[in-house]
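Using the numbering used here, the first residue of the sequence shown is number 720, and each one after it goes up by one. Heads up, the beta-carbon is just placed ideally off N, CA and C, and yes, glycines get one too. If you're wondering where the values come from, they're calculated on a predicted model, not measured in any experiment.
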Amino acid sequence: MSACGQCGCYRKLDFGIRMAYQPIVDIENKNIFAYEALVRGEQGQGAGEVLSWVTDENIYSFDQCCRMTAIETAAKIGLPGKVSINFLPNAIYEPETCLARALDTAQRVGFPRENIIFEVTEHEKIENHALLKDVFATYKKNGFLTAIDDFGEGYAGLNLLSDFQPDLLKIDMNLIRNIHTDRVKQAIVRGVLTVSRELDIIPIAEGIETEEEYKVLRDMGVTLMQGYYFAKPEIEKVPVARHLD
720 MSACGQCGCY
730 RKLDFGIRMA
740 YQPIVDIENK
750 NIFAYEALVR
760 GEQGQGAGEV
770 LSWVTDENIY
780 SFDQCCRMTA
790 IETAAKIGLP
800 GKVSINFLPN
810 AIYEPETCLA
820 RALDTAQRVG
830 FPRENIIFEV
840 TEHEKIENHA
850 LLKDVFATYK
860 KNGFLTAIDD
870 FGEGYAGLNL
880 LSDFQPDLLK
890 IDMNLIRNIH
900 TDRVKQAIVR
910 GVLTVSRELD
920 IIPIAEGIET
930 EEEYKVLRDM
940 GVTLMQGYYF
950 AKPEIEKVPV
960 ARHLD
């Protein structure tokens, strides 16, 4: 049975999920900007394994269950501030309908809707760009921040960004890894930062693991960061972030 409380998704899923949270830190203001909700299996299995269980038949239920579990758990553990929730673009069939359950869940558990960020996780090719553009417009209309995750990896590239501009752009960890020793990665990330500034999008560097990576990105002007250097994800707990003093 799924762990997603009253949402009813367990009727269509034959596995359960839990949520881990990892902080996105603001190094300029030395506080937490938000916490990303990361799906885990009931026995703590990683996101990659859990996603391998998703099929065409259960993708909608899985997507909805993740949203509601993220909000329910955030309320249960007293998550202080914003929660960033991944959604699967190909699971959406009608933006308002897909958003309704998340809004109902937030109201039911008393989690402020203004503290919800929706980020598109784009590891699979988007089948309907027009629909996803409508999704982003619907979320913005309802007052939510939006983000593109893993920018620079897989299908999440400039073509995706040209179709819709989110509030936040998360630079993929493969561009961040060992950036302090890689001139090519440094040049690419500078280009992404320039595009972000031109489009009034706030960049987030994810996957930071070392002080050297942190310092290079800080010197490039990145203020929002995420990664093991600050804190690892913790299941159903609020992790404490390091290196903010």
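Close beta carbons around residue i, own chain, < 8 Å, minus the five adjacent residues each side
i: L822; result: R832 and N861
i: P799; result: I751 and V957
i: D882; result: H848, L851 and K852
i: E815; result: T857
i: I907; result: G871 and L894
i: D964; result: K749
Own chain, CB closer than 7 Å to residue i, minus 5 neighbours either side, in chain order
i: E872; result: D891 and N893
i: E955; result: R737, M738, T792 and I796
i: Q884; result: L918 and I920
i: R909; result: M939
i: L732; result: S721, N777, S780, F781 and C784
Residue from the options whose Cα sits closest to the Cα of residue i
i: V935; options: I954, F837 and R896; result: R896
i: R937; options: A856, I746 and P958; result: I746
i: A756; options: F855, M787, N809 and E815; result: M787
i: G667; options: E813, F806 and A794; result: Residue numbering for the chain in the displayed model covers 720 to 964; residue 667 lies beyond these limits and cannot be assessed.
i: D775; options: I804, N809 and V744; result: N809
i: G763; options: C785, V802, H962 and E953; result: E953
i: K1024; options: G735, G765 and L880; result: Not covered by the structure: residue 1024. The range shown for the chain is 720 to 964.
i: F949; options: I743, F781, I804 and D882; result: I743
i: S915; options: M939, A825 and Y740; result: M939
i: R820; options: L850, C785 and F734; result: C785
i: Q826; options: F855, K801 and I790; result: I790
i: L807; options: K801, Y779 and E813; result: Y779
i: Y740; options: E928, V758 and P814; result: V758
i: E928; options: I907, H962 and V911; result: H962
i: P922; options: V802, K801, W772 and M944; result: M944
i: I898; options: E930, L880 and L879; result: E930
i: F781; options: T824, K801 and G735; result: G735
Close beta carbons around residue i, own chain, < 6 Å, minus the five adjacent residues each side
i: L864; result: I836 and D886
i: G926; result: M892, I895 and G946
i: L760; result: First, the amino acid is wrong: residue 760 is Gly here, not Leu. Here the set comprises V769.
i: L877; result: none
i: N805; result: E838 and T840
i: V773; result: F781
i: L880; result: none
Per-residue burial, residue i [other beta carbons within 10 Å of its own, 16 or more giving buried]
i: E838; result: buried
i: K889; result: buried
i: A722; result: Note that A722 has pLDDT 45, beneath the 50 cutoff, so the model's placement of it is unreliable and the number below is only indicative. Classification for A722: buried.
i: Q783; result: buried
i: D919; result: exposed
i: N748; result: exposed
i: T900; result: exposed
i: A960; result: buried
i: E970; result: Because residue 970 is not part of the residues shown, which for the chain are 720 to 964, the question remains open.
i: A866; result: buried
i: S771; result: exposed
i: C726; result: Bear in mind that the predicted position of C726 carries a pLDDT of just 48, short of 50, making it too unreliable to give a figure here.
Whole-Å CB distance - residue i paired with residue j, under 8 Å assumed
i: Y754; j: L818; result: With a Cβ gap of about 20 Å, Y754 and L818 do not count as contacting.
i: V941; j: A924; result: 5 Å
i: T913; j: D869; result: About 19 Å; that fails the 8 Å criterion.
i: V802; j: N777; result: Actually they are not in contact, since the Cβ atoms of V802 and N777 sit about 23 Å apart, beyond 8 Å.
Inside the segment 855-929 only - beta strand (DSSP E) runs reaching at least 3 residues = Listed in chain order, the complete beta strand (DSSP E) runs (minimum 3 residues) inside the segment 855-929 are 864-870, 887-890 and 921-925.
4-residue-minimum alpha helix (DSSP H) runs that sit fully inside the segment 751-809, ordered along the chain = The DSSP assignment places complete alpha helix (DSSP H) segments of no fewer than 4 residues inside the segment 751-809 at 766-770 and 778-796, in order along the chain.
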